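The block underneath contains the structure these notes are about, expressed in structure tokens.
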Amino acid sequence: MSGVMKNALDWLSRPYRNSPIKGKAVLTFTASSAYTGGVRAQAQLNETISAVEAIRVAFPQIAVALSHTKISNGVFNDEKTIEFMLEGVGSLMDLIEKI
1 MSGVMKNALD
11 WLSRPYRNSP
21 IKGKAVLTFT
31 ASSAYTGGVR
41 AQAQLNETIS
51 AVEAIRVAFP
61 QIAVALSHTK
71 ISNGVFNDEK
81 TIEFMLEGVG
91 SLMDLIEKI
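Everything in the sequence shown is counted per the UniProt record's numbering, starting at 1 for the first residue and increasing by one.
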């Protein structure tokens, strides 16, 4: 996970056990130009999200591999990945309605 993301989550985790994201629904995803799509960064992100007591959406890991091949003229153009991400967003919205 990048230092910038970690620092942002550190700030959002304050005050301890009473942070503004405690109990909030969260969907995480990563993208990388590598074949792995940033799965190690996502694992660290999910661990941190759990530590600050946010609620992670129960959805398969969204990790966009070879992201540089899926963007054309600044637009993400991989329909299969877009559909999968939108399913994740749907699961996030369902969780938000429940909590």
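Ideal Cβ placement from N, Cα and C applies to all residues, glycine included. None of these values were measured; they are calculated from a predicted model.
Residue from Met85, Ile55, Ser50, Leu45 whose Cα sits closest to the Cα of Val64: Counted from its first residue, the sequence shown places residue 64 at position 64. The option with the nearest alpha carbon to Val64 is Met85.
Arg40 versus Lys6: straight-line alpha-carbon distance, rounded: If you number the sequence shown from 1, residue 40 lands on position 40. If you number the sequence shown from 1, residue 6 lands on position 6. Straight-line measurement puts the Cα of Lys6 at about 14 Å from the Cα of Arg40.
Cβ neighbour criterion (16 or more within 10 Å) applied to Thr28: Along the sequence shown, read from residue 1 onward, the residue named residue 28 stands at position 28. Its Cβ being crowded by 16 or more others within 10 Å, Thr28 is buried.
Give the range of the alpha helix (DSSP H) segment to which Ala43 is assigned. For the purposes of this step, residue 43 is identified with residue 43 of the sequence shown, where counting begins at 1. It spans 39-51 - the alpha helix (DSSP H) in which Ala43 sits, taken as one unbroken run.
Could you give the distance in angstroms between the alpha-carbon of Arg17 and the alpha-carbon of Asn73? Along the sequence shown, one-based indexing puts residue 17 at 17. Along the sequence shown, one-based indexing puts residue 73 at 73. Rounded to the nearest angstrom, the two C-alpha atoms are 43 Å apart.
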